[in-house]
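Undergrad:
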Amino acid sequence: MLIGDTRGPTQASISRIFTRITNIMSTKAAEEINMPSTPQQLSTSAQAFSSVTNFPRVIEAIDGTHVAIKAPSIDEAMYCDSGYPLEPFLMTPVTNPTNEAEELYYRALVRTRVIVELTLGVVKKRFRCIHRFGGELQYTPLRSAKIVSACLLLHNRCVSRSIPDPNNHLPEEDMPIEAHVVGAGDRGGTGRQTRDEIIPEFYGRKGV
Numbered sequence: 001m002l003i004g005d006t007r008g009p010t011q012a013s014i015s016r017i018f019t020r021i022t023n024i025m026s027t028k029a030a031e032e033i034n035m036p037s038t039p040q041q042l043s044t045s046a047q048a049f050s051s052v053t054n055f056p057r058v059i060e061a062i063d064g065t066h067v068a069i070k071a072p073s074i075d076e077a078m079y080c081d082s083g084y085p086l087e088p089f090l091m092t093p094v095t096n097p098t099n100e101a102e103e104l105y106y107r108a109l110v111r112t113r114v115i116v117e118l119t120l121g122v123v124k125k126r127f128r129c130i131h132r133f134g135g136e137l138q139y140t141p142l143r144s145a146k147i148v149s150a151c152l153l154l155h156n157r158c159v160s161r162s163i164p165d166p167n168n169h170l171p172e173e174d175m176p177i178e179a180h181v182v183g184a185g186d187r188g189g190t191g192r193q194t195r196d197e198i199i200p201e202f203y204g205r206k207g208v
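Residues 1 to 208 in the UniProt record's numbering are what the sequence shown spells out, letter by letter.
1) Among Leu137, Thr140, Ile130, which residue has its Cα nearest to the Cα of Cys151?
2) Shortest alpha-carbon distance to Leu154 belongs to which of Thr22, Val94, Phe55?
3) Can you tell me the Cα-Cα spacing of Arg126 and Pro164, whole angstroms?
4) Helix, strand or coil for Ile198 per DSSP?
5) Check the DSSP bridge columns for Ile69 and list the partner residues they point to.
6) In the DSSP assignment, what residue or residues form a beta bridge with Glu87?
7) Less than 8 angstroms between the C-beta atoms of Arg192 and Met91, yes or no?
8) Do Val67 and Leu137 have their C-beta atoms closer together than 8 angstroms?
9) Using 8 angstroms as the cut-off, can you tell me whether the stretch 35-46 makes contact with the stretch 96-103, which would need three or more C-beta pairs spanning the two stretches below that distance?
10) Which same chain residues, not among the five before or five after Thr112, have their C-beta less than 7 angstroms away from its C-beta?
11) With DSSP as the reference, label Glu178 as helix, strand or coil.
12) For Met25, name the three-state secondary structure that DSSP assigns.
13) Answer with buried or exposed for Tyr79, where buried requires no fewer than 16 other C-beta atoms within 10 angstroms of its C-beta.
14) So the alpha helix (DSSP H) Pro36 belongs to, where does it begin and stop?
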């Protein structure tokens, strides 16, 4: 008993506890972190985005961020990054705006995307294990994904409890001010048609 009290838990015990807690939190994150689905949720989200960014019909801002992990020994091609395609439900920038309406659309889209970029930056500052200055996660891709999910769940808890953002002076790796997103193309042309309808309707008028 004296030896156990002096040395504390073994590495194996800590690993089992960490795995169990991570699995529980990852499952909880999957239940709590989701897209708006009810009419009321959709309306509330769209109004909130419009009031901040002046971009119409937005219910969620989507972005990705890199988290360094131990390189998998098999199926490594599955973990490559790709751009987001232009879809009727997913808007991407006009690559080279040619008029005022397209420029206004582009600026509004950037303001919208910055919201999620700032959020990702805060999360990675709050949890150094997923920040590039924290090194790489020495786990399998599946275990690493669960750790990231747990971090997101804990971040939401911090926000709901008004716990201040971290001020640890880490480099702002995921906080660009003017990010230019290049989409992966338009599948079938319907995404471009939707974007071409949005631009003149919402940004073709003076004073927008």
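A virtual CB, placed ideally from N, CA and C, is assigned to each residue, including glycine.
TA: With the structure as the only source:
1) Ile130
2) Thr22
3) 10 angstroms
4) helix
5) Leu137
6) Leu90
7) no
8) yes
9) no
10) Phe49, Thr53, Phe55, Val58, Ala61
11) In this predicted model, Glu178 has a pLDDT of only 42, less than 50, meaning its place in the structure is not dependable; the value taken from the coordinates is given anyway. Note: Glu178 maps to coil in three-state DSSP.
12) helix
13) Confidence at Tyr79 is low in this model, with a pLDDT of 44, below 50, so the placement of that residue is unreliable and no value is reported for it.
14) No alpha helix (DSSP H) contains Pro36, which DSSP labels as neither H nor E.
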